[in-house]
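Engineer: After the structure tokens below, expect a handful of questions from me.
Residue numbers (full-length UniProt numbering), protein chains in the order written: chain A, 1 to 381; chain B, 1 to 381.
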């Protein structure tokens with residue numbers, strides 16, 4: 001199989017939104033009707049006050065817990081979400097939405113446009129994080145949910161949390177944004193731009209109209225993923241894990257093949273990724289991240305004046321992609337704006353991916369935060 | 001023009017070496033006869049004691065000073081080399097050799113193999129830094145030069161300096177290695193591996209046999225160069241220089257084109273690079289860097305026991321690609337081995353590229369170092 005299609009049916013639920021009035025987009029066009037796919041865990045309580053929205057990162061999806069029907073692996077935050085876990089599905093109703101532009105059932109380049117019954121492909125519009133969040137708000141309206149108890153996510157998931165708090169401050173009781181930033185920096189944009197260039201340089205890209213042709217720019221996407229994966233890990237961790245170890249040999253091969261374990265590791269992650277992700281989704285979503293800037297005039301605090309959302313901000317000391325300084329800037333702005341903020345930079349060896357992994361100090365802090373917020377909200381703890 | 005060929009004639013001089021006995025290579029094969037291209041500046045003194053060998057980085061070449069005949073720009077270390085400059089061509093005889101595997105006249109994939117009178121292409125062997133240095137030593141033999149007064153270079157140039165001091169300690173009076181490392185780390189290998197993957201994924205690569213076909217994997221090489229270029233710069237510098245500035249517009253275009261200045265900047269450097277560099281050379285030379293490890297058993301100091309070469313080591317605080325810790329490790333090893341060492345981490349905003357740029361504190365230190373070495377060597381200062 002050389003081409004990615006979303007699984008049919010996609011994991012969880014799919015609703016068709018934007019049927020009455022289309023979703024307005026920041027690019028100036030609109031979208032509707034459009035499918036939005038999501039998973040839910042736990043039970044909505046009577047007054048609909050126990051909703052935790054978990055927002056996923058660039059290459060995540062709505063399968064935050066349980067077994068993923070495509071990859072057959074555990075959901076991406078399985079360790080955090082479930083009965084008795086920190087995000088306790090015995091207490092909370094957990095929602096996770098495949099972002100607009102994604103490829104796991106929500107409207108995106110590889111999805112079928114219900115208006116035309118053909119694949120969106122290159123006609124799918126370019127989005128912003130605000131557009132993604134606007135679609136999630138429409139989903140909440142659809143589900144009859146007024147307010148989120150908490151929105152939580154890391155990396156691009158953290159951007160969505162911040163956008164929620166900026167655009168719908170009354171609808172978010174508490175927010176947790178991990179390993180993220182108030183705006184994408186030139187280095188972050190540059191890394192994405194290189195990944196997109198690899199995809200667009202692949203002749204199988206076919207100007208974005210490759211869906212249904214039997215050829216998909218998977219080679220370009222593999223390069224993009226290898227780069228992204230390397231940027232998610234810390235050099236010290238790679239040193240300890242791989243060093244200069246050779247792959248399946250005792251001497252370098254002095255040829256074109258990868259010689260070192262770290263090369264095979266990156267290549268493996270590239271190969272595995274193209275089995276579950278659509279190249280055009282990667283282009284659209286990375287662009288949305290690059291557009292992200294909560295306060296283009298630099299006055300971040302003013303965007304949050306009067307907001308009472310309780311905020312948790314976590315960063316990780318070896319994360320060179322979303323360095324702790326970017327989170328510190330957010331914490332300063334929230335404090336200036338008068339929001340209650342807990343923030344901490346965690347000792348963690350895994351670089352940017354630390355937000356996904358088991359960092360006991362984070363787990364303890366976050367468990368305490370969610371418990372304190374639940375008490376304030378009058379939810380059983 | 002879609003295909004790179006070395007200029008004919010290449011800049012400077014070309015000698016044909018390995019005619020009597022071929023150059024042994026670390027991969028087990030050998031090379032000969034093989035051309036080696038170099039530039040020289042200044043005049044060799046009567047006792048041949050005033051030779052400064054400047055070793056170039058991955059994408060550099062022998063045109064260290066003066067006007068480059070291909071790019072029409074100044075040589076890559078023009079500010080350091082010339083009459084009255086810090087490496088004073090009124091006092092020193094400066095040599096700079098296009099590395100073996102390069103594409104500016106020395107034997108490499110895009111060069112003509114004198115034994116067959118056809119382009120080497122995919123038959124060109126994979127090399128190590130030690131092979132490059134062995135060829136340079138043959139050039140010195142050919143020129144009747146026994147000892148280098150100094151070997152100096154940054155990044156891959158620094159690796160060559162270190163290799164010179166390890167393999168020919170009696171032939172190097174002083175050495176200066178900037179922004180470099182004793183071994184390539186997994187992150188450094190990973191970045192190269194991604195760049196090579198982009199080149200090898202380009203259908204115009206044609207299994208390395210593209211020379212003379214009219215098609216060359218320039219798109220892949222552009223991606224590789226964009227990534228390399230980004231890795232050479234510091235995020236803070238990019239922030240100050242570009243911020244989130246848009247290119248030629250006031251609003252994002254919400255399309256496939258680059259929106260931000262940093263994207264255009266990287267694309268520009270990608271485009272410019274393919275006009276002067278051969279993709280297969282890029283593959284061979286990055287592999288040589290990845291193989292670099294002065295002491296696979298970890299005992300770096302033992303490799304330099306008894307060596308009396310005076311060493312200068314410089315690193316740059318914003319260089320995340322070759323971080324100062326790697327230079328500190330070298331300094332510690334040299335001190336343990338008893339070599340006289342000056343080392344310093346310079347305040348510099350430009351990341352890895354700082355070694356090429358105007359850092360006054362470095363200039364002052366290096367001028368003092370070369371003067372002190374000249375005095376010890378009995379050269380006029």
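Backbone N, C-alpha and C define an ideal beta-carbon position, used for all residues, glycine too. It should be emphasised that the depicted structure is a prediction, and the values quoted were computed from it without experimental measurement.
Go ahead and pull the three-state DSSP assignment for residue 208 of chain B.
Structural biologist: helix
Engineer: Tell me whether residue 315 of chain B sits in a helix, a strand or coil according to DSSP, three-state version.
Structural biologist: It is a strand residue.
Engineer: Using a Cβ-Cβ cut-off of 6 Å (strictly less than) and excluding sequence neighbours within five positions of residue 10 of chain A, which residues of its own chain qualify?
Structural biologist: 37, 104 and 105
Engineer: Assuming residue 62 of chain B and residue 97 of chain B make a contact with CB atoms under 8 Å, what is their CB distance in whole Å?
Structural biologist: 6 Å
Engineer: Along the chain, where does the beta strand (DSSP E) containing residue 13 of chain B start, and where does it finish?
Structural biologist: 13 to 17
Engineer: Does residue 201 of chain A have its Cβ less than 8 Å from a Cβ in chain B?
Structural biologist: yes
Engineer: Of all the options B/124, B/280 and B/79, which has the alpha carbon lying nearest to the alpha carbon of residue 357 of chain B?
Structural biologist: Cα-wise, what sits closest to residue 357 of chain B is B/79.
Engineer: Tell me whether the region 218 to 236 of chain A and the region 322 to 339 of chain A touch, counting them as touching only if at least three CB pairs, one residue from each stretch, are closer than 8 Å.
Structural biologist: No: the two stretches stay apart, fewer than three of their Cβ pairs being nearer than 8 Å.
Engineer: For residue 343 of chain B, count neighbouring C-beta atoms within 10 Å of its own C-beta (all shown protein chains included) and say buried if the count is 16 or more, exposed if not.
Structural biologist: Result: buried.
Engineer: Taking only three categories from DSSP, how would you classify residue 377 of chain A?
Structural biologist: DSSP places residue 377 of chain A in helix when its eight states are reduced to three.
Engineer: Would you please verify whether the beta carbon of residue 320 of chain B is less than 8 Å from any beta carbon of chain A?
Structural biologist: yes
Engineer: What does the Cβ neighbour count give for residue 268 of chain B, buried or exposed, with the cut at 16 atoms within 10 Å?
Structural biologist: exposed
Engineer: Put residue 327 of chain A into one of helix, strand or coil per three-state DSSP.
Structural biologist: helix
Engineer: Please identify the residue among B/39, B/232 and B/263 whose C-alpha is closest to the C-alpha of residue 139 of chain B.
Structural biologist: B/39
Engineer: Give me the Cβ distance between residue 165 of chain B and residue 52 of chain B, rounded to the nearest whole Å; I'm assuming they're in contact under 8 Å.
Structural biologist: Incorrect: roughly 15 Å between the Cβ atoms, too far for contact.
Engineer: When you compare the region 154 to 162 of chain B with the region 287 to 294 of chain B, are there three or more beta-carbon pairs, one atom per stretch, that lie closer than 8 Å?
Structural biologist: Contact between the region 154 to 162 of chain B and the region 287 to 294 of chain B is present: three or more C-beta pairs spanning the two stretches fall below 8 Å.
Engineer: Quick check: the Cα distance between residue 241 of chain B and residue 207 of chain B, rounded to an integer number of angstroms?
Structural biologist: Cα to Cα, the separation comes out at about 39 Å.
Engineer: Name the DSSP bridge partner or partners of residue 172 of chain B?
Structural biologist: B/148
Engineer: Taking a cut of 9 Å between CB atoms, which residues from the region 285 to 309 of chain B lie near chain A?
Structural biologist: 287, 290, 291, 293 and 296
Engineer: Over the uninterrupted alpha helix (DSSP H) stretch that includes residue 115 of chain A, give me the two end residues.
Structural biologist: No alpha helix (DSSP H) holds residue 115 of chain A; DSSP gives it neither H nor E.
Engineer: What are the start and end residues of the alpha helix (DSSP H) that includes residue 193 of chain B?
Structural biologist: Per DSSP, residue 193 of chain B is one residue of the alpha helix (DSSP H) stretching across 186 to 201.
Engineer: Taking only beta-carbon atoms, is residue 190 of chain B less than 8 Å away from chain A?
Structural biologist: yes
Engineer: Under 8 Å by Cβ, that's how I've got residue 362 of chain A and residue 314 of chain A pegged, so tell me the actual separation to the nearest angstrom.
Structural biologist: 6 Å
Engineer: Please state if the CB of residue 155 of chain A and the CB of residue 180 of chain A are separated by a distance shorter than 8 Å.
Structural biologist: A contact, by the Cβ cut-off of 8 Å.
Engineer: Would DSSP call residue 359 of chain A helix, strand or coil?
Structural biologist: coil
Engineer: Would you verify that the beta carbon of residue 27 of chain A is, or is not, closer than 8 Å to some beta carbon of chain B?
Structural biologist: So yes, residue 27 of chain A belongs to the interface.
Engineer: For residue 245 of chain A, which residues of its own chain have a beta-carbon under 6 Å away from its beta-carbon, when the five flanking residues on both sides are left out?
Structural biologist: Around residue 245 of chain A: 261.
Engineer: Could you tell me whether the region 294 to 312 of chain A touches the region 187 to 197 of chain A, where touching means 3 or more Cβ pairs closer than 8 Å?
Structural biologist: With a cut-off of 8 Å, the region 187 to 197 of chain A and the region 294 to 312 of chain A do not count as touching, because too few Cβ pairs lie within range.
Engineer: If the criterion is Cβ atoms closer than 8 Å, does the pair residue 359 of chain B and residue 348 of chain B meet it?
Structural biologist: yes
Engineer: From the DSSP output, in three-state form, read off residue 58 of chain A for me.
Structural biologist: coil
Engineer: First and last residue of the alpha helix (DSSP H) that includes residue 344 of chain A?
Structural biologist: Taken as a continuous stretch (DSSP letters only), residue 344 of chain A belongs to no alpha helix (DSSP H), being part of the beta strand (DSSP E) at 341 to 346.
Engineer: Can you confirm whether residue 185 of chain A, when its beta carbon is compared against all beta carbons of chain B, has any partner nearer than 8 Å?
Structural biologist: yes
Engineer: Along the chain, where does the alpha helix (DSSP H) that runs through residue 279 of chain B open and close?
Structural biologist: 279 to 291
Engineer: Mind checking if residue 461 of chain A is an interface residue toward chain B, Cβ cutoff 8 Å exclusive?
Structural biologist: In the structure as shown, chain A begins at 1 and stops at 381. Residue 461 of chain A is therefore absent and cannot be evaluated.
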